[in-house]
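These notes concern the structure reproduced below.
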Amino acid sequence: MDAPPDVIINLQGDAVLTPPWVIAAVANAFADPDVRIATPAVALSDAQLAALEAHKKDSPASGTTVVLDNRSNALYFSKVIIPFRRA
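Residue 56 in numbering that gives the first Met the number 0 sits at position 57 of the sequence shown, with consecutive numbering throughout.
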């Protein structure tokens, strides 16, 4: 390359089915000059969370959860569902 790229978007090897709109949303986040890192995340409904919990019983390494601060900055990621939900 003659010049360094403005943005690099890295996909994990197990994310081959990432929809194009997710990649576009990550790329668009860099329109804000204060953004240096962007990671896609979605809020799950109770039904979606229950489905993820059920799926993780058979595939514990699938799906990643994230805890955000009040400005939507990621604090930490985990393959375990976080924050822990008590029954």
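C-beta: ideal position from N, C-alpha, C; glycine also.
Where does residue i fall in DSSP's three states?
i      : result
Leu-48 : helix
Ala-2  : coil
Ala-53 : helix
Let me know if residue i comes out buried or exposed under the rule of 16 or more other beta-carbons within 10 Å of its beta-carbon.
i      : result
Val-41 : exposed
Val-79 : exposed
Val-34 : exposed
Val-25 : buried
What span of residues does the beta strand (DSSP E) with residue i cover, start to end?
i      : result
Val-65 : 64-67
What does DSSP give as the partner residue(s) for residue i in the beta ladder?
i      : result
Ser-77 : Thr-64
Spell out whether any CB of chain B is found under 7 Å from the CB atom of residue i.
i      : result
Ser-71 : Structure shown: chain B not included; a single protein chain is present.
What residue does the alpha helix (DSSP H) around residue i start on, and which one ends it?
i      : result
Asn-27 : 19-28
In terms of alpha-carbon separation, which member of the options lies closest to residue i?
i      : options                        : result
Asp-13 : Asp-68, Ala-73, Ser-71, Gly-62 : Gly-62
Ile-22 : Ala-37, Leu-74, Asp-45         : Ala-37
Ala-30 : Asp-5, Trp-20, Ser-58, Leu-48  : Asp-5
Gln-11 : Pro-39, Lys-56, Asp-1, Pro-3   : Pro-39
Val-66 : Pro-3, Val-15, Leu-43          : Leu-43
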